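A.B. asks:
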Amino acid sequence: MISLCKECSSRFEKSFSIGECSICGGKVAKMGELAERGALLVGGDWESFSVSTTIPRGLLAAEEKAFDYSPGESIKTFANRYFSEKVAAISGRKYEPSGGDGRIMFDFRSFTARREPEPLFFFGRYRKLKEGLSQTKWDCRKCFGRGCERCNGEGKMYRSVEEIIGEPFVKKTGGTFCMHASGREDVDVVNTAGRPFVLEISNPDARKVDLGEVGKEIASGGEVEVSNLRRVGRGDVELVADSHFPKTYRAWIEVEGGAGRKDLEMIRGFSEMLKQQTPNRVMHRRADKVRERHAKVVNAGMDGDLVMADILADAGTYIKELIGGDDGRTEPSFSSLLGKGCICKRLAVVKIEDYFLDLVLE
Ligand SMILES: [Zn+2]
Ligand SMILES: [Zn+2]
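Written out as structure tokens, the structure reads:
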């Protein structure tokens, strides 16, 4: 007959002889201390928490032997209930089984507690006001971020929108950031439309953020501005990152030999279903296939020697190729239409049709 400690024995319907505990070795009697240590790990601005308990395999095997003799409550169920009640009582925060603001993780083997804050998610729309910014962190390919001659010791080729938005946030929250955006613009393309994104902050120390203050700091460099900032849930990352929206672009176009009135008229009337083969410039990272996209010029005029055209296009349309033709890989194109070379000299995203996000975000 096995013997158990008083605490373990009380979880079983039949009684055991009380003595040295073959299940916990006396640890259950000391759980109060461990709960107190765990409660100290609850973050200052957490409103809720969850718990988990790791039970060593040897202990579970010993418990199985006791179950052979009597039905009872498992130590894991008992521990989770005990820790959640204790931590709630000591910290004054709400126990939230499905997650809450973070988790207190108890380990029965080492008899220690640690914490894991839930990530924070912030939705917003960013405008990129200057060329020469990449969307995400872009490490130098020669030194992989260590810093070398090619990158001027910076470790990266471009400063990124992700860093300009993420750094002011982690100054307030601690932790690390990662941006999930709906599509992207090239380094040399500005975007005044406001592109939807969710910034994820892993392992934050603080959870309360003055979004107005962060927004001002993001805008202080004059490169990126954000609007509509708000806290959202984990599920919204996918919603934003996987949604594709039609967009209006403004393109400045150089027409071979100068644009005449007839050229301008033809561009103005452009509304076509395109066949776009993967552009030469992105072939190294995308599969080669043909996509169908609709593009329509909604407005066009002269801006000095260049044609300035506003183009409403389906998500995923390659605009530079729509203009230049990409050696016939995009058909039709402005070049094929006019029968002369057209080059996109400058490009900006001026509108993104993403209103539905405001209706469905958590
Ligand atoms: Zn015991
Ligand atoms: Zn480098």
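Taking the working numbering, the leading residue of the sequence shown gets 1345, the next gets one more, and so forth. Just so it is clear, CB atoms sit at the ideal spot from N, CA and C, and this is done for glycine as well. Since this is a predicted model, take the numbers as computed values, not measurements.
1. So what's residue 1512 in DSSP terms, helix, strand or just coil?
2. I want to check one thing, is the minimum distance from the CB of residue 1367 to the heavy atoms of ligand 1 below 7 Å?
3. According to the neighbour-count rule (16 or more other Cβ atoms, all chains shown, within 10 Å of its Cβ), is residue 1419 buried or exposed?
4. Leaving aside the five residues before and after residue 1358 along the sequence, list all residues of the same chain whose C-beta is less than 7 Å from its C-beta, in chain order.
5. Per the DSSP calculation, residue 1540 is bridged to which residue(s)?
6. Short of 8 Å in beta carbon distance, which residues of its chain neighbour residue 1551, apart from the five on each side in sequence? Order them along the chain.
7. Between which residues of its own chain and residue 1416 is the CB-CB distance below 8 Å, once the five residues before and five after are set aside?
8. Are the beta-carbon atoms belonging to residue 1688 and residue 1667 less than 8 Å from one another?
9. Please confirm whether residue 1594 and residue 1523 have their CB atoms less than 8 Å apart.
10. Can you tell me whether residue 1529 is buried or exposed, with buried defined as 16 or more other CB within 10 angstroms of its CB?
11. May I have the straight-line CA-CA distance separating residue 1608 from residue 1644, to the nearest angstrom?
12. Among 1538, 1507, 1611, whose alpha-carbon lies nearest the alpha-carbon of residue 1562?
13. State the Cα-Cα distance for the pair residue 1631 and residue 1662, rounded to the nearest angstrom.
14. Let me check understanding here. Comparing Cα to Cα, which of 1430, 1578, 1694 lies closest to residue 1473?
15. Verify the contact flag: residue 1377, CB atom, against every heavy atom of ligand 1, threshold strictly below 7 Å.
16. Given that a residue counts as buried once 16 or more other Cβ atoms are within 10 Å of its Cβ, and exposed if not, what is residue 1515?
17. May I ask you to list the residues that DSSP assigns as paired with residue 1452?
18. Does the segment 1675–1684 come into contact with the segment 1539–1550, if we say contact requires no fewer than three beta-carbon pairs (one atom in each stretch) closer than 8 Å?
19. Among 1369, 1611, 1527, which has the Cα closest to the Cα of residue 1684?
20. Between residue 1494 and ligand 2, is the CB less than 7 Å from at least one heavy atom?
21. In three-state terms, what does DSSP make of residue 1624?
22. Would you check whether ligand 1 has a heavy atom nearer than 7 Å to the C-beta of residue 1351?
23. Go to residue 1716, then tell me how far its alpha helix (DSSP H) extends in each direction, as first and last residue.
24. According to DSSP, simplified to helix, strand and coil, what is residue 1401?
25. Let me know the secondary structure DSSP gives residue 1686 once reduced to three states.
26. Looking at C-alpha atoms only, which residue of 1442, 1504, 1369 is the closest neighbour of residue 1478?
27. For residue 1670, collect the residues of the same chain with a Cβ closer than 7 Å to its Cβ; drop the 5 residues on either side in sequence, then sort them by chain order.
28. Look at the alpha carbon of residue 1452 and the alpha carbon of residue 1362, and state the distance between them as a whole number of angstroms.
29. Indicate whether residue 1509 and residue 1568 have their beta-carbon atoms separated by less than 8 Å.
30. Say the cut is 7 Å; is the CB of residue 1487 nearer than that to a heavy atom of ligand 2?
31. Relative to the alpha-carbon of residue 1638, which residue among 1434, 1617, 1597 has its alpha-carbon at the smallest distance?
32. Output needed for residue 1682: all residues of its chain with C-beta closer than 7 Å, excluding positions within five of it in sequence on either side, in chain order.
33. Comparing the CB of residue 1499 with every heavy atom of ligand 2, is any distance shorter than 7 Å?
34. Measure the C-alpha to C-alpha separation of residue 1351 and residue 1459 and round it to an integer number of angstroms.
35. Please go through the same chain and pick out, in chain order, the residues whose beta-carbon is closer than 7 Å to the beta-carbon of residue 1777, but skip the five residues on each side of it.
36. Quick check: what's the CA-CA separation for residue 1372 versus residue 1437?
C.D. replies: Here's the rundown:
1. DSSP places residue 1512 in the helix class (H, G or I) of the three-state scheme.
2. yes
3. buried
4. 1413, 1414
5. 1469
6. 1387, 1389, 1390, 1445, 1461, 1464, 1517
7. 1355, 1356, 1357, 1410
8. yes
9. no
10. buried
11. 7 Å
12. 1507
13. 14 Å
14. Relative to residue 1473, the option among 1430, 1578, 1694 whose CA is nearest is 1694.
15. no
16. Within 10 angstroms of the beta-carbon of residue 1515 lie fewer than 16 other beta-carbons, which makes it exposed.
17. Residue 1452 pairs with nothing; no bridge assigned.
18. no
19. The residue with the shortest Cα to Cα distance from residue 1684 is 1611.
20. yes
21. helix
22. yes
23. Shown here, the chain extends from 1345 to 1706; a query on residue 1716 therefore has no answer.
24. helix
25. strand
26. 1504
27. 1623, 1624
28. 21 Å
29. yes
30. yes
31. 1617
32. Close CB contacts of residue 1682 within its chain, under the 7 Å cut and outside five residues either way in sequence, are with 1599, 1607, 1610 (chain order).
33. yes
34. 26 Å
35. Residue coverage of the chain in this structure runs from 1345 to 1706, which leaves residue 1777 outside it and unanswerable.
36. 24 Å
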